[in-house]
Ligand SMILES: Cc1ncc(C[n+]2csc(CCOP(=O)(O)OP(=O)(O)O)c2C)c(N)n1
Ligand SMILES: [Mg+2]
């Protein structure tokens, strides 16, 4: 339609333009008060009502436009090669595949080098919306790939955001290389924001829960520090490391200080093995025990670790309690037992346990006088053996070493590395006259295992048709859709009563990756995205059980998954609350003979996530996910899961918002 043929009514283009110009004038008046020209323009406008409203975006002034688009005058050109280009060469020597990170000026020098000089490959920058998500992704990635990622963060505020995820990695014995940008030189750092974002010692913030940190002051120093950081983080017990990276060092050109820069070669350090005498003594105790029990938490660092635990268990026909910090032992094996197996043990070997005391003692938090009550679970003369690499890695401040437990034979050593020698020693130590008894122990275990399995199945069937959906049904409907795929359960946040490890057959080391380590909630979402990234590259199917509380700490990681095409099936355990905390407040109320104040919600005040209900499917959809929900009827779950699995197989992340029972 041409302008000529328009009626008065349908001529919005011109009117809009005039309104717009009038609006600009008003907005201009606010910033250039008293200007007669502007005032005149305002009063002359025939659209006074509209003119009172300023448009939301104003065209830039000449000065602003020039500042935003012109080539900066005063930077000059770098003479020679940028220091951060050399840093990129160092990083590339270590085959770090990805760099999940949130951008910041304190590392702009190395950021520019990574994407321009380094071609954004090895590592590839993955845009993160929160530093905690970046570290959480690196955490999950390592547990699949067995290789660490690095992250760059704004040395002060970014590291503050990253810190809980670093603590989780510390407690979970997972390496992450955290590089924090920092403007160290007070005389040269720009005033204003960069100075707020600089500190004398940024690493101090995370020193209590990193294995090592450094602040390199020259490029050669950086090369040494980076390779050393990598080596330390990758020596069991693994752990996060931090490097403070000076902004000036990144931006300055390489100076010929009379020494040619070089990149030190990385050679992996062999993990520490248990002392030969202690191994022999442990083997003697185990071989002669009536009822030996093996308790494992983070033993299987690799696929081989699982095989070794099976070999030890079978040599002894000993019960195995897998605490699930890693996939240590197949849950389909007849020697797998629940934690109560320790009760009748005469010898217990605990390997890479984070809480030995908790294995052999129980604690009730609301005893008679409102204080905790401790009771021993084991017989007084039970002998205890420990292999733990964490004994080599103690720090004082954070209490992740747990309560003190007296142990009879202790090895400050890596369990996986010690197992081959221990298995040989056990086989050699079994007296001939004990072989028949050991075999009989195996037969009894097979019977107990079959009975236990049946009991679990019956328990899972309870409330099968309930709405909201029971956690057992949630978990089994999911399994029905993925069982023929090469699946990997990358995380299970919240509490679904342990159904996956009780009901899904898990026989490969990537079927289950363990929990967060430090129980800092907000791990599940980013770690599952990081693990799914590693599984994507290996052609596996990733599934997570995603709780509502966990997702809301930093849901922006959903966008990172969609942006970088990371396929992941997130099945929500949406119980509309922080149910763990529901139970804490309820328990204290009960103890004090009071009715818990629920307000108008399902749980005590402060523990519900409802009214309004969060539409997680819409949240995920808005960030590029395939999503569906809320699913409340159990009959709808299977068909919805089928569609979600197909979406994931097409390369997309998919989320199902499922309303569930509390646990
Ligand atoms: C960072 C952090 N804040 C608070 C807590 C305390 N906390 C432990 S479990 C929990 C509830 C988590 O809710 P959700 O993920 O929905 O799991 P649910 O208990 O409902 O199954 C909270 C808040 C924590 N562990 N970490
Ligand atoms: Mg919840």
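In the working numbering, the protein residues as written are 14 to 676. All C-beta atoms, glycine included, are put in the ideal place defined by N, C-alpha and C. Note that the structure is a prediction, hence the values are computed from the model and not measured.
- Annotation for residue 561 indicates a beta carbon within 7 Å of some heavy atom of ligand 2.
- Residue 465 and residue 515 have their C-alpha atoms spaced approximately 10 Å apart.
- Of the other Cβ atoms in all chains shown, 16 or more fall within 10 Å of the Cβ of residue 180; this residue is therefore buried.
- Three or more Cβ pairs drawn from the region 254-264 and the region 215-232 lie within less than 8 Å of each other, which places the two stretches in contact.
- As far as DSSP is concerned, residue 448 takes part in no beta bridge.
- Note that the C-beta distance between residue 555 and residue 567 is not below 8 Å.
- Here the region 361-369 lies against the region 415-424, with 3 or more beta-carbon pairs under 8 Å apart.
- Take the alpha-carbon of residue 400 and the one of residue 126: they are about 44 Å apart.
- For the pair residue 373 and residue 354, the CB atoms are not nearer than the 8 Å cut-off.
- As DSSP reads the structure, residue 423 sits in a beta bridge with 399.
- The DSSP-derived three-state label of residue 111 is strand.
- If you keep only unbroken beta strand (DSSP E) runs of at least 3 residues inside the region 608-671, you get 639-644, 667-671.
- Membership of residue 181 in any beta strand (DSSP E) is not indicated; the residue belongs instead to the alpha helix (DSSP H) covering 170-184.
- Using a cutoff of 7 Å, the CB of residue 507 counts as near ligand 2, since one of the ligand's heavy atoms is closer than that.
- Put simply, the backbone Cα of residue 131 is about 8 Å away from that of residue 98.
- As a beta-bridge residue in DSSP terms, residue 500 pairs with 554.
- Assignment of beta-bridge partners to residue 378 by DSSP yields no partner.
- Positions of the beta strand (DSSP E) runs, each at least 3 residues long and wholly inside the region 543-590, are given as 554-560, 582-586 in order along the chain.
- A contact between stretches requires three or more CB pairs, one per stretch, nearer than 8 Å, and the region 293-312 fails this requirement with the region 275-282.
- Between the alpha carbons of residue 198 and residue 407 lies a gap of roughly 33 Å.
- Checking the 7 Å criterion, the Cβ of residue 592 is within range of a heavy atom belonging to ligand 2.
- Taking all protein chains in view, the Cβ of residue 636 is crowded by 16 or more other Cβ atoms within 10 Å, so the residue is classified as buried.
- Burial of residue 486 is indicated by the presence of at least 16 other C-beta atoms within 10 angstroms of its C-beta.
- Counted as a single uninterrupted DSSP element, the beta strand (DSSP E) harbouring residue 305 occupies residues 305-309.
- Distance from the CA atom of residue 501 to the CA atom of residue 321, rounded to whole angstroms, is 21 Å.
- Shown here, residue 331 sits in coil according to DSSP, grouped into three states, outside any helix or strand.
- Exposed is the label assigned to residue 663, since fewer than 16 other Cβ atoms lie within 10 Å of its Cβ.
- Assigned with DSSP and collapsed to three states, residue 259 falls in strand.
- Residues 361, 420, 421 of the same chain have their beta carbon placed closer than 6 Å to that of residue 397, with the five preceding and five following residues left out of the count.
- With a 10 Å radius around the Cβ and a threshold of 16 neighbouring Cβ atoms, residue 75 comes out exposed.
- Under the 10 Å beta carbon count, residue 156 is surrounded by 16 or more other beta carbons and is classified as buried.
- Rounded to whole angstroms, residue 162 and residue 282 show a C-alpha spacing of 18 Å.
- Within a 10 Å sphere around the beta-carbon of residue 129 sit fewer than 16 other beta-carbons, which makes this residue exposed.
- The DSSP-derived three-state label of residue 95 is strand.
- Less than 8 Å separates the beta-carbon of residue 668 from that of residue 630.
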